[in-house]
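Enquirer:
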Amino acid sequence: MDKISILCIAIAAACVTGSILFVIFQNRKQRQITERLRRMLEAAQAGRFSESGFDESVCSALESEMADYLNASEKSMKAAAAEKEKIKTLIADISHQTKTPIANLLLYTQLLAERETDPDTEESLTAIQKQAEKLNFLIGSLIKMSRLETGIITLYPREQDIREMLSETIASYREKAERKGLELKDLSEPVRVCFDRKWTAEAIGNILDNAVKYTDRGSITVRTKQYELFTAVEVEDTGRGLGEEEIPLVFQRFRRGEETQDQDGVGIGLYLAREILAGEGGYIRISSEKGRGSVFSVFLPNKTPL
Numbered sequence: 022m023d024k025i026s027i028l029c030i031a032i033a034a035a036c037v038t039g040s041i042l043f044v045i046f047q048n049r050k051q052r053q054i055t056e057r058l059r060r061m062l063e064a065a066q067a068g069r070f071s072e073s074g075f076d077e078s079v080c081s082a083l084e085s086e087m088a089d090y091l092n093a094s095e096k097s098m099k100a101a102a103a104e105k106e107k108i109k110t111l112i113a114d115i116s117h118q119t120k121t122p123i124a125n126l127l128l129y130t131q132l133l134a135e136r137e138t139d140p141d142t143e144e145s146l147t148a149i150q151k152q153a154e155k156l157n158f159l160i161g162s163l164i165k166m167s168r169l170e171t172g173i174i175t176l177y178p179r180e181q182d183i184r185e186m187l188s189e190t191i192a193s194y195r196e197k198a199e200r201k202g203l204e205l206k207d208l209s210e211p212v213r214v215c216f217d218r219k220w221t222a223e224a225i226g227n228i229l230d231n232a233v234k235y236t237d238r239g240s241i242t243v244r245t246k247q248y249e250l251f252t253a254v255e256v257e258d259t260g261r262g263l264g265e266e267e268i269p270l271v272f273q274r275f276r277r278g279e280e281t282q283d284q285d286g287v288g289i290g291l292y293l294a295r296e297i298l299a300g301e302g303g304y305i306r307i308s309s310e311k312g313r314g315s316v317f318s319v320f321l322p323n324k325t326p327l
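Note that the sequence shown covers residues 22 to 327 in this note's numbering.
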């Protein structure tokens, strides 16, 4: 073998060796970059990402861009948290500052109503008391709505029997129904469902309140139906019912039909109910016909979502 052939073989061997070393080096570099990116994401998820923890002189362009993105995300999260805290403080202030004046207004109205007054004064006192109660309800509802929308209220759904909660909620509306001559039937059965007891009771209560409010005669029936994945709590009334064009609008905030303007309320009860149920993995449906009543079906998951 002549010298030229030996030289060619040596050059080829050197090229192959160099290529292998280059591939090994690139693979090692890629693994290091991937590992650093993984640590960045872990730090960001844990809320402890710090831009100063990465040296751009040893980072690839991708790592630098990722660091910039995560740093901006971290700042946005902190700004959102600060804004949420401000809203929380504002809501607390509104709740605190309005509670005492409204309570005093109701108290003094009741004290004046206990005295002997002429019919005109008595009528005025009744109107003042009614408006004060409406204002108190409105502020309370707005505070609940704001807390839900800003995530201040946290729902804690867990698997538990729903019948006791339903029985207690139904009992709290029985007197109001009886004053209107309505029969309030509890046909619920023991069923284990995943729900937040306090806030689901609030949602069911809002639906019951609507049923009692807009039913002039007949009955309101609450029953449970269990399916494979969900359990339905049905609230059926014999009230005014809804037209097909009204059904998609009933969950809008402050939405009230023309025929219900004479009734108490501000039009956010069903909106709150829907938001609460959505927050715990449930949903609500309506089946209704004008003049023939409505069925509000609340669907709650049987198991805790994975």
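Ideal placement from N, C-alpha and C gives every residue a C-beta, glycine not left out. Treat the numbers as computed from the prediction; the structure is a model and nothing was measured.
Just tell me which of W220, G312, R52 and F251 has its CA closest to the CA of L293.
Expert: W220
Enquirer: For my contact list, T245 and V212 are in at a C-beta cut-off of 8 Å; report their separation, rounded to the angstrom.
Expert: 5 Å
Enquirer: Quick one: is P122 buried, meaning 16 or more other Cβ sit within 10 Å of its Cβ, or exposed?
Expert: Under this definition P122 is an exposed residue.
Enquirer: Does Y235 pass the burial test, meaning 16 or more other C-beta atoms within 10 Å, or should it be called exposed?
Expert: buried
Enquirer: What does a CB cutoff of less than 6 Å around V254 pick up in its chain, not counting 5 residues either side in sequence?
Expert: Within its own chain, the residues whose Cβ lies closer than 6 Å to the Cβ of V254, once the five positions on either side in sequence are excluded, are T245 and V319, listed in chain order.
Enquirer: Checking contacts by CB at 7 Å: is Y129 closer than that to chain B?
Expert: The structure shown contains no chain B, having only a single protein chain.
Enquirer: Quick one: is G260 buried, meaning 16 or more other Cβ sit within 10 Å of its Cβ, or exposed?
Expert: Counting Cβ neighbours within 10 Å, G260 comes out buried, since at least 16 surround it.
Enquirer: Taking R136 as part of the alpha helix (DSSP H), name the residues at either end of that continuous run.
Expert: Careful: R136 lies outside any alpha helix (DSSP H) and carries neither H nor E.
Enquirer: Taking 7 Å as the cut-off, decide whether the C-beta atoms of P178 and D139 are in contact.
Expert: no
Enquirer: Quickly, what does DSSP pair T147 with across the bridge? List them, please.
Expert: Partner(s): none; T147 has no beta bridge.
Enquirer: Which residue marks the beginning of the beta strand (DSSP E) containing Y304, and which one marks its end?
Expert: Y304 to S309
Enquirer: Nearest-angstrom Cα distance between V79 and T55?
Expert: Unreliable positioning characterises V79 in this predicted model, as indicated by a pLDDT of 47, which lies under 50. The coordinate reading is nonetheless provided below. Whole-angstrom Cα-Cα distance: 13 Å.
Enquirer: Quick check on the burial criterion: 16 or more other C-beta atoms within 10 angstroms. Buried or exposed for K165?
Expert: buried
Enquirer: Would you tell me roughly how many angstroms separate the C-alpha atoms of A222 and R184, rounded to the nearest one?
Expert: Cα to Cα, A222 sits roughly 11 Å from R184.
Enquirer: Exposed or buried, what is N227 when buried is set at 16 or more other beta-carbons lying within 10 Å of its beta-carbon?
Expert: buried
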